[in-house]
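A.B. asks: What follows is a structure written as structure tokens; I'll ask about it next.
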């Protein structure tokens, strides 16, 4: 509401002519209220010679145009009110009837003026037990005056929030709930509180998270008649889990020491990999939704660390070897970070279904945006992993599909920050480089390798621009 839209409240001041000093204080209070946008009716200003004072007071209390009645109650006022004496007694007879009436209680408030040693004894009997404004204490007068102004305008300090929607877990199907609610709350609380058991609480939560993912398998009796839609439905059902993990990863990246983050999350990520294997005679496509999700979890893990500049922990995760029990019969006992790239058997079908050059990139972007996560955070992490693979893996790579949704005419933020040599030298080890010069040499090799040129439909991002090579390490 604008100032022009705000109705000017009209207020009547009821008080006792106790002493000239008290009357001056009442006038000063009324003046301050006028300065704050209140139309004040005060006998000193509105009662003229020849007017009947008692009639004026009685009329003001009952006048429907008066929005609020302010009762300045010092010791003399309280005594007159309780004894129904004088003009105060006349007003009290009317006011008390309205105060006791359930519909008009909020129209009246008692203000205790300075010089009142015991505020409780200066409140009229009919007003006992109700909230009053205490202006007798100079230490809290400012806050109390603000409370008075808010009461007059009907703008309380504490406002009931708007009623939200019921929690999603109340309407989710049972199989879409991870069953991690209690452990998530405990883990987040321990992280934010800096508790010594934070790493253990996070590990306990992550174990439950992995167990909960077994509820997301495509049913054994699925006919596969619309396999692509079943994959998309599975990815959609995993979105609450994705957002839940984002909270824990970001909080842990911010709160856990790097030497604690690495082991906890490395073991967690390792436990996810067997879920990407279609066991028994099940078609491989039946776990494509989990392959996408686990790739997304890995990206969230690294991007959370990079965003918090926890580069040593990110390096630890990227450089780790992961035990692969589900591949041991094929002679593959362990694998590197590329195990999380998660190639989907349904890639081409998904692209056709969504009519996109990369359905994966679209899904990553949309889910990040809905969670309030920067798409660039995911994209620059994919570029880091692409370069890590290009520098160190001779046969496989990590295509940074989500770069489709970034500005190809400027460097991604993390590489733009590499203008600083110190920052650059901290980031490069994630990609397997120890020096700026070594990074430049490897980049030249990548730029000369036609198989590593980025192509997204008609888009041809220039790695020189995306990586900010022209300004790399140009500042301390």
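Numbering (the UniProt record's numbering), first residue to last: 1 to 476.
All residues carry an ideal CB built from backbone N, CA and C; glycine is no exception.
Fair warning: this is a prediction, and the values are worked out from it, not measured in the lab.
Compare the Cα-Cα distances from residue 79 to each of 29, 16, 31, 36 and report the closest residue.
C.D. replies: Position 79 of the chain shown, counted from the start, is the residue given in the question as residue 79. Of 29, 16, 31, 36, the residue nearest in Cα terms is 16.
A.B. asks: Suppose contacts are defined by Cβ-Cβ distances below 8 Å. Is residue 70 in contact with residue 34 by that definition?
C.D. replies: Taking the first residue of the chain shown as position 1, residue 70 is located at position 70. Taking the first residue of the chain shown as position 1, residue 34 is located at position 34. No, these two residues do not count as a Cβ contact at 8 Å.
A.B. asks: Considering only the alpha carbon of each residue, which of 191, 29, 41 lies closest to residue 144?
C.D. replies: To locate residue 144, count along the chain shown from 1; it is residue 144. Closest by alpha carbon: 29.
A.B. asks: Could you tell me how far apart the beta carbons of residue 132 and residue 109 are, in whole angstroms, since I believe they sit closer than 8 Å?
C.D. replies: In the chain shown, the residue the question calls residue 132 occupies position 132. In the chain shown, the residue the question calls residue 109 occupies position 109. The pair is a contact, with the Cβ atoms about 7 Å apart (cut-off 8 Å).
A.B. asks: Rounded to a whole number of angstroms, what is the C-alpha to C-alpha distance between residue 320 and residue 337?
C.D. replies: Position 320 of the chain shown, counted from the start, is the residue given in the question as residue 320. Position 337 of the chain shown, counted from the start, is the residue given in the question as residue 337. When rounded, the distance between both Cα atoms is 7 Å.
A.B. asks: Within the continuous alpha helix (DSSP H) that includes residue 441, where are the two ends?
C.D. replies: Looking up residue 441 in the chain shown gives position 441. Residue 441 -> alpha helix (DSSP H) spans 436-448.
A.B. asks: Which of helix, strand or coil does DSSP assign to residue 68?
C.D. replies: Locating residue 68 in the chain shown gives position 68, where the first residue counts as 1. Correct three-state label for residue 68: strand.
A.B. asks: Ordered along the chain, which non-local residues of its own chain (more than five positions away) have a Cβ less than 8 Å from that of residue 325?
C.D. replies: Reading the chain shown from its first residue, position 325 is the one you call residue 325. Closer than 8 Å at Cβ, skipping near neighbours: 274.
A.B. asks: Residue 480 to residue 76, Cα distance in whole Å?
C.D. replies: There is no way to answer for residue 480, as the model of the chain reaches only from 1 to 476.
A.B. asks: Only counting the same chain, and skipping five residues up and downstream in sequence, which positions put a Cβ closer than 8 Å to that of residue 56?
C.D. replies: The residue labelled residue 56 in the question sits at position 56 within the chain shown. Contacts found: 43, 46, 47.
A.B. asks: In the structure shown, what three-state DSSP assignment does residue 322 receive?
C.D. replies: Position 322 of the chain shown, counting from 1, holds the residue named residue 322. Here residue 322 sits in strand by DSSP.
A.B. asks: In its own chain, which residues sit with a C-beta less than 6 Å from the C-beta of residue 208, not counting the 5 before and 5 after it?
C.D. replies: Stepping through the chain shown from its first residue, residue 208 is reached at position 208. Closer than 6 Å at the Cβ level, and outside the excluded window around residue 208, lie 180, 183.
A.B. asks: Thinking just about the alpha-carbon of each residue, which of 452, 156, 112 is nearest to the one in residue 135?
C.D. replies: As a working note, residue 135 is residue 135 in the chain shown. Comparing Cα positions, the closest option is 112.
A.B. asks: Looking only at DSSP bridge pairs, what is residue 133 linked to?
C.D. replies: Translated into the one-based positions of the chain shown, residue 133 becomes position 133. 111.
A.B. asks: I'd like the list of long-range same chain contacts for residue 361, defined as Cβ closer than 7 Å, with 5 residues on each side in sequence excluded.
C.D. replies: The sequence position of residue 361 within the chain shown is 361, counting from 1. So the list reads 401, 402, 404, 405, once near-sequence residues are dropped.
A.B. asks: Would you mind reading off the limits of the alpha helix (DSSP H) that contains residue 388?
C.D. replies: Mapped onto the chain shown, residue 388 falls at position 388. 375-392 is the span of the alpha helix (DSSP H), which, as asked, contains residue 388.
A.B. asks: Could you tell me the boundaries of the alpha helix (DSSP H) in which residue 146 lies?
C.D. replies: Walking along the chain shown from the start, residue 146 turns up at place 146. Taken as a continuous stretch (DSSP letters only), the alpha helix (DSSP H) holding residue 146 covers 141-153.
A.B. asks: With three or more C-beta pairs closer than 8 Å as the rule, is the region 293-306 touching the region 378-389?
C.D. replies: Verdict: yes, contact present.
A.B. asks: Candidates 61, 67, 74: which alpha carbon is nearest residue 22's?
C.D. replies: Within the chain shown, the letter at position 22 stands for residue 22. Residue 74 is the option with its Cα nearest to residue 22.
A.B. asks: Using 8 Å as the limit for Cβ to Cβ distance, is residue 474 near chain D?
C.D. replies: The structure shown has no chain D; it contains just one protein chain.
A.B. asks: Between the region 279-289 and the region 406-413, do three or more beta carbon pairs fall short of 8 Å?
C.D. replies: Counting Cβ pairs under 8 Å, fewer than three are found: no touch.
A.B. asks: Can you check whether the CB of residue 253 is closer than 8 Å to the CB of residue 188?
C.D. replies: Against the chain shown, residue 188 aligns to sequence position 188. Against the chain shown, residue 253 aligns to sequence position 253. In this structure, residue 253 does not lie closer than 8 Å to residue 188 by Cβ.
A.B. asks: What residue does the beta strand (DSSP E) around residue 10 start on, and which one ends it?
C.D. replies: As a position in the chain shown, residue 10 is number 10, starting the count at 1. Per DSSP, residue 10 belongs to the beta strand (DSSP E) from 10-14.
A.B. asks: Could you spell out where the alpha helix (DSSP H) holding residue 26 opens and where it closes?
C.D. replies: Taking the first residue of the chain shown as position 1, residue 26 is located at position 26. Note, residue 26: alpha helix (DSSP H), 20-35.
A.B. asks: In or out: residue 255 buried (at least 16 other Cβ within 10 Å) or exposed?
C.D. replies: Within the chain shown, numbered from 1, the residue matching residue 255 stands at position 255. When all chains shown are included, residue 255 counts as buried.
A.B. asks: Ordered along the chain, which non-local residues of its own chain (more than five positions away) have a Cβ less than 7 Å from that of residue 365?
C.D. replies: Numbered from 1 along the chain shown, position 365 holds the residue referred to as residue 365. For residue 365, where only same-chain residues beyond five positions count, the Cβ hits under 7 Å are 375, 402, 405.
A.B. asks: With residue 41 as the anchor, note down where its beta strand (DSSP E) starts and where it stops.
C.D. replies: What you label residue 41 is simply residue 41 of the chain shown in a count that begins at 1. Where residue 41 is concerned, the enclosing beta strand (DSSP E) stretches over 39-41.
A.B. asks: Within 10 Å of its beta-carbon, does residue 439 have 16 or more other beta-carbons around it, so buried, or fewer, so exposed?
C.D. replies: Walking along the chain shown from the start, residue 439 turns up at place 439. Buried, because 16 or more other Cβ atoms sit within 10 Å of the Cβ of residue 439.
A.B. asks: Mapping the DSSP letters down to three states, classify residue 334 as helix, strand or coil.
C.D. replies: Locating residue 334 in the chain shown gives position 334, counting from the first residue. Strand, per DSSP.
A.B. asks: For the alpha helix (DSSP H) that residue 421 lies in, which residues bound it at each end?
C.D. replies: For the purposes of this step, residue 421 is identified with residue 421 of the chain shown, where counting begins at 1. Counting along the chain, the alpha helix (DSSP H) containing residue 421 begins and ends at 421-427.
A.B. asks: Are the beta-carbon atoms belonging to residue 317 and residue 266 less than 8 Å from one another?
C.D. replies: One-based indexing of the chain shown puts residue 317 at position 317. One-based indexing of the chain shown puts residue 266 at position 266. In contact: residue 317 and residue 266 (Cβ atoms closer than 8 Å).
A.B. asks: Check this for me: beta carbons of residue 314 and residue 430, under 8 Å apart or not?
C.D. replies: The count along the chain shown starts at 1 and reaches residue 314 at position 314. The count along the chain shown starts at 1 and reaches residue 430 at position 430. Yes, the pair counts as a contact, with Cβ atoms nearer than the cut-off.
A.B. asks: What are the boundary residues of the alpha helix (DSSP H) that residue 410 is part of?
C.D. replies: Here the question's residue 410 lines up with position 410 in the chain shown. First-last for residue 410: undefined, no H or E at that position.
A.B. asks: Are there 16 or more other CB atoms within 10 angstroms of the CB of residue 307, so buried, or fewer, so exposed?
C.D. replies: Here residue 307 corresponds to residue number 307 of the chain shown, with the count starting at 1. Its Cβ being crowded by 16 or more others within 10 Å, residue 307 is buried.
A.B. asks: Is residue 241 closer than 8 Å to residue 199 when the C-beta atoms are compared?
C.D. replies: Translated into the one-based positions of the chain shown, residue 199 becomes position 199. Translated into the one-based positions of the chain shown, residue 241 becomes position 241. Not a contact, by the Cβ cut-off of 8 Å.
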